[in-house]
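Visitor: In UniProt numbering, the protein residues as written are 1 to 62.
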């Protein structure tokens with residue numbers, strides 16, 4: 001993957017449970033769509049920018 005993007009599989013490798021990882025990705029996609037990035041309005045898209053995940057979690061992800 002690109003260094004600016006993170007997938008649900010990478011979140012699982014970091015120790016998050018699968019359901020939690022999917023929820024984080026889903027929240028990130030909803031946030032991006034609300035900001036006007038309609039590309040992320042896809043059900044099966046499981047890759048989002050790390051910056052949005054950092055914003056949701058309140059911490060820096062590797």
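Every residue gets a Cβ at the ideal spot worked out from N, C-alpha and C, and that includes glycine.
Please read all numbers here as calculations on a predicted model, not as lab measurements.
#1: Please tell me whether residue 25 and residue 18 are closer than 7 Å, where the distance is taken between their beta carbons.
#2: In whole angstroms, what separates the C-alpha of residue 48 from that of residue 15?
#3: With H, G and I counted as helix, E and B as strand and the rest as coil, what does DSSP make of residue 32?
#4: Tell me whether the beta-carbon of residue 28 lies closer than 7 Å to the beta-carbon of residue 8.
#5: So what's residue 47 in DSSP terms, helix, strand or just coil?
Guide: Looking at the coordinates:
#1: no
#2: 18 Å
#3: helix
#4: no
#5: strand
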